[in-house]
Ligand SMILES: Cc1cc2nc3c(=O)[nH]c(=O)nc-3n(C[C@H](O)[C@H](O)[C@H](O)COP(=O)(O)O)c2cc1C
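Numbering (this note's numbering), first residue to last: 9 to 343.
See below:
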């Protein structure tokens, strides 16, 4: 197939490449989004936010709910099942500076499903459409919707899924971001990109963005061309790996992919990430939070087991930095 060099249109938002960073609860905060952007990611979504919470001004005012100053375009993802509350949250988030709103109809966490939110909405097409219409009418920016390929594979669940896809397109959703697993499958098995291709085939004029198992840039771009989808999101593949966006750009633009980062570059990026985190959070909490990313960063290290064992014990900024310097050839190591 001919190399398409066009990007991705999410309503009025046009990206120069057909991929962006997914919403990742507990990870995709300002620090991860900023690094992704620096490595070439054109747009990123926040962690999911509970719509009800962000309608309280004192909650929305917290730094973790605010977009970064130079961070545009950035989208806010919201979770809820009351159209008026979702619309109010969307409005407040746009007023706070977000450039797009993404409606979460996909989360498989049991506590979310029990409250009838996230993936539970996939059983309720009328409610999903009421939410979409309320949000669509409330905000001028692009409205995206995150789905999975149904609650499960039963005929009823599949009918609901197709009804939601068809009616959300009719009602002006700007893009559907679809994870190629059902809610019941959670993260088991392989994402079903044939199912995503079937959505695009049935609704060729709609913007359909795929999600699932995007770890390898060459394979992801091949899959995009093979399925005819408009784009894809990078989720787990970007944790502790902002380089994936640089490499994806190279593959997409037909340029050679650079060598993997050496230890010196890994060290600088880890320290940059740590610094970002600690600008936003108190040291004790921030170190615990950064540990989740560190576990992914150290996967590239030839002595990853020993590195994890040392770094996991570090409790302060000084200890984490000293550990990184020791294992990645920083100044302390040369002294
Ligand atoms: C830790 C974690 C948190 C996630 N949080 C969200 C979220 O808040 N909102 C959302 O729409 N999807 C969320 N997802 C799903 C991802 O955006 C993505 O659709 C899914 O991981 C499949 O892509 P991957 O296989 O490339 O990781 C999360 C996934 C993981 C692993």
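Virtual Cβ for every residue (Gly too), placed ideally from N, Cα, C.
Closest in C-alpha terms to residue 59, from the list 274, 90, 116, comes 90. Residue state for residue 219 is assigned as strand, using DSSP reduced to three classes. In this structure, the straight-line span from the alpha carbon of residue 301 to that of residue 85 is close to 21 Å.
Every beta strand (DSSP E) stretch that sits fully inside the segment 169-231 and reaches 3 residues is listed by chain position as 183-187, 216-219. Inter-segment contact for the segment 268-277 and the segment 316-330 is absent: fewer than three beta-carbon pairs are separated by less than 8 Å. The secondary-structure analysis by DSSP pairs residue 29 across a beta bridge with 52, 242.
For residue 35, the distance from the CB to the nearest heavy atom of ligand 1 is below 8 Å.
Here DSSP, grouped into helix, strand and coil, assigns residue 99 to helix.
Residue range 108-113 is occupied by the beta strand (DSSP E) that includes residue 110. At the C-beta level, residue 21 and residue 150 come within 9 Å of one another.
In the structure shown, residue 128 adopts helical secondary structure according to DSSP, grouped into three states. Under the DSSP assignment, residue 70 falls outside any beta strand (DSSP E); it carries neither an H nor an E label. Taking 8 Å as the cut-off, the C-beta of residue 195 counts as close to a heavy atom of ligand 1. Rounded to whole angstroms, the Cβ separation of residue 219 and residue 186 is 6 Å, and the two are in contact under 8 Å. For residue 86, there is no enclosing alpha helix (DSSP H); the enclosing beta strand (DSSP E) has its first and last residue at 82-87. Contact between the segment 242-249 and the segment 23-31 is established, with three or more Cβ pairs separated by less than 8 Å.
Relative to ligand 1, residue 187 has its C-beta within less than 8 Å of a heavy atom. If you check the C-beta of residue 112 against ligand 1, you find a heavy atom less than 8 Å away. Between residue 53 and residue 183, the beta carbon gap of about 11 Å keeps them out of contact (Cβ cut-off 8 Å).
Setting aside the 5 residues that flank it on each side, residue 286 is surrounded in the same chain by 294, 325, each with a C-beta closer than 7 Å to its C-beta; the list follows chain order. Between the segment 172-183 and the segment 221-229 there are fewer than three inter-stretch CB-CB distances shorter than 8 Å, so the stretches are not counted as touching.
If you compare the alpha carbons of 320, 310, 275, 314 with that of residue 297, the shortest gap goes to 320. With a contact defined as Cβ atoms closer than 8 Å, residue 63 and residue 97 qualify at about 5 Å. Taking 9 Å as the cut-off, the Cβ atoms of residue 304 and residue 247 count as close.
Taking C-beta atoms as the reference points, residue 168 and residue 130 count as a pair closer than 9 Å. Per DSSP, the continuous beta strand (DSSP E) segment holding residue 153 begins and ends at 151-156.
Note on geometry: alpha-carbon atoms of residue 278 and residue 135 lie some 43 Å from one another. For residue 315, there is no enclosing beta strand (DSSP E); the residue is found in the alpha helix (DSSP H) stretching over 312-321. Take residue 236, set aside five residues on each side of it, and the residues of its chain with a beta-carbon closer than 6 Å to its own are 208, in chain order. Its chain contains 52 as the residues whose beta carbon lies nearer than 6 Å to that of residue 41, once the 5 sequence neighbours on both sides are disregarded; these appear in chain order. Shortest gap from the CB of residue 308 to any heavy atom of ligand 1: 8 Å or more. If you check the C-beta of residue 136 against ligand 1, you find no heavy atom less than 8 Å away.
Residue 58 is bridged by DSSP to 87. Closest by C-alpha distance to residue 76, out of 274, 32, 37, is 37.
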